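In my numbering, the protein residues as written are 1319 to 1718.
For each residue, glycine too, the CB sits at the ideal point set by N, CA and C.
Since the structure is predicted, the reported quantities are computational estimates derived from the model, not experimental observations.
Report on the following structure.
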Ligand SMILES: Cc1ncc(COP(=O)(O)O)c(C=O)c1O
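Shown next as structure tokens:
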């Protein structure tokens, strides 16, 4: 299928039909081949030299590029409406490579203050040690982001929805601020996946994913992806990815290509299940607060509706129990069908406690400041039968 033809097709169709590999020597397998090789053969010394000099297209060594990984990068970029993409060993591999590529000593980064714990610790620990100043702000408030910008600000960074507060960032306004100030905007799109949200469509420069989550979709691979302009992706690959080396292996890339095929189906079910569960939890007397962008009670519900025209708001939600930490702990210990585990975006429902698990790298005072109360419970709602999930929550809540 030619690029032009692909553009005519819907998301779901393109997800099912990955971009074809560049060179298959006349062999056209139905499933993409796994090029499980670290290095590639040259016909002769001249060819090797030409490839290293960039005078001839072709693979050299899998840290510099691999045909299976390339299918994933091109298919993902197509679905995210980006010119190109790069695959990494993990979401943190993608985030750190992109930031190290964009920032140098003396530069300044403005970041939304609610972030996945390791993204926060990268920005609070490693980047300042490298001479990069970081300011954390409430990114739901675009004026606060603007006020934090300095002449040396090079990057504006946010998650939306943020992990685990479920706060949203107005992508259009964030992108406009980046253009106005000359800063590159980077958005973590892990929670929504390209099926529900494409930050580049709103003018954002770079989107990053923990592809471990919805893109892989089955809880069996750790991976990262970054999407942007062809120029920026080429720079990241030629420097940060090549020299730091957090590359994705070909088998893991293959798992993600397979995961993408069912992404739309899964995201529909994750979202409808999460909506039903959020509405149920909201009515439950033992629950003091539910955070889910699909609820009219979410403070940014109107923004969620604008940014998610499909009317689907993903599978992630957070809840606070009456009775705080102890009640939250008991809920986690009493569920039988929901899986007590960190991570998210798998087919089964995962439930965890951010304060002691995913966000434990953030100290308690900062946790509170970013909306992580000791009793907060995070759910990644799976694609099980929703009635079974509700029965499990009901039995776990009974007698609390
Ligand atoms: C929003 C978000 N971004 C990034 C990451 C990091 O991804 P990985 O674990 O694949 O490195 C995570 C992990 O949970 C996450 O939830």
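In this structure residue 1348 is exposed. Its beta-carbon is surrounded by fewer than 16 other beta-carbon atoms within 10 angstroms. For residue 1402, the uninterrupted beta strand (DSSP E) run begins and ends at 1402–1406, by DSSP. Considering only 1478, 1668, 1500 and 1376, the residue with the shortest C-alpha distance to residue 1517 is 1478. The closest heavy atom of ligand 1 lies 8 Å or more from the beta carbon of residue 1533. Set against 8 Å, the gap from the CB of residue 1660 to the closest heavy atom of ligand 1 is smaller. In the DSSP secondary-structure assignment, residue 1477 is bridged to 1506. With a cut-off of 8 Å on Cβ pairs, the region 1389–1409 is in contact with the region 1511–1530, counting three or more such pairs.
With a minimum length of 4 residues, the unbroken runs of alpha helix (DSSP H) contained wholly in the region 1586–1655 fall at 1619–1625 and 1642–1652. The region 1486–1557 is shown to contain whole beta strand (DSSP E) runs of 3 or more residues at 1502–1506, 1524–1528 and 1542–1546, in chain order.
Of the heavy atoms belonging to ligand 1, none sits nearer than 8 Å to the Cβ of residue 1549.
Of the heavy atoms belonging to ligand 1, at least one sits nearer than 8 Å to the Cβ of residue 1506. Assignment of residue 1472 by DSSP, reduced to helix, strand and coil, places it in the strand class.
The beta-carbon distance between residue 1668 and residue 1657, rounded to whole angstroms, is 5 Å. This is short enough to meet the 8 Å contact definition. Just so you know, the alpha carbons of residue 1438 and residue 1688 end up roughly 11 Å apart. Taking each of 1592, 1380 and 1323 in turn and checking the Cα distance to residue 1559, the smallest one comes out for 1380.
In the three-state scheme derived from DSSP, where H, G and I count as helix and E and B as strand, residue 1451 is classed as strand. Short of 6 Å from the beta carbon of residue 1453, and not among the five residues preceding or following it, lie these beta carbons of its own chain, in chain order: 1428 and 1466. Per the coordinates, the alpha-carbon of residue 1431 lies some 21 Å from the alpha-carbon of residue 1498. With contacts defined as CB atoms closer than 9 Å, residue 1401 and residue 1551 qualify as a contacting pair.
For residue 1660, the three-state secondary structure derived from DSSP is coil.
Classified as buried, residue 1419 has 16 or more neighbouring CB atoms from the shown chains inside 10 Å of its CB. Distances taken from the Cβ of residue 1670 to the heavy atoms of ligand 1 include none shorter than 8 Å.
Taking 9 Å as the cut-off, the Cβ atoms of residue 1399 and residue 1582 do not count as close. Residue pairing by DSSP places residue 1428 opposite 1453 and 1474 in a beta bridge. Under DSSP, the beta-bridge partners assigned to residue 1696 are 1636 and 1670.
Residue pairing for residue 1434: DSSP places it in no beta bridge. Cβ-Cβ distances below 8 Å link residue 1370 to 1378 in the same chain, with the five nearest sequence neighbours on each side left out; the list follows chain order. When rounded, the separation of the alpha-carbon atoms in residue 1385 and residue 1339 is 7 Å. As DSSP reads the structure, residue 1379 sits in a beta bridge with 1357.
A contact is defined here as three or more CB-CB pairs under 8 Å, and the region 1607–1615 meets this definition with respect to the region 1624–1637.
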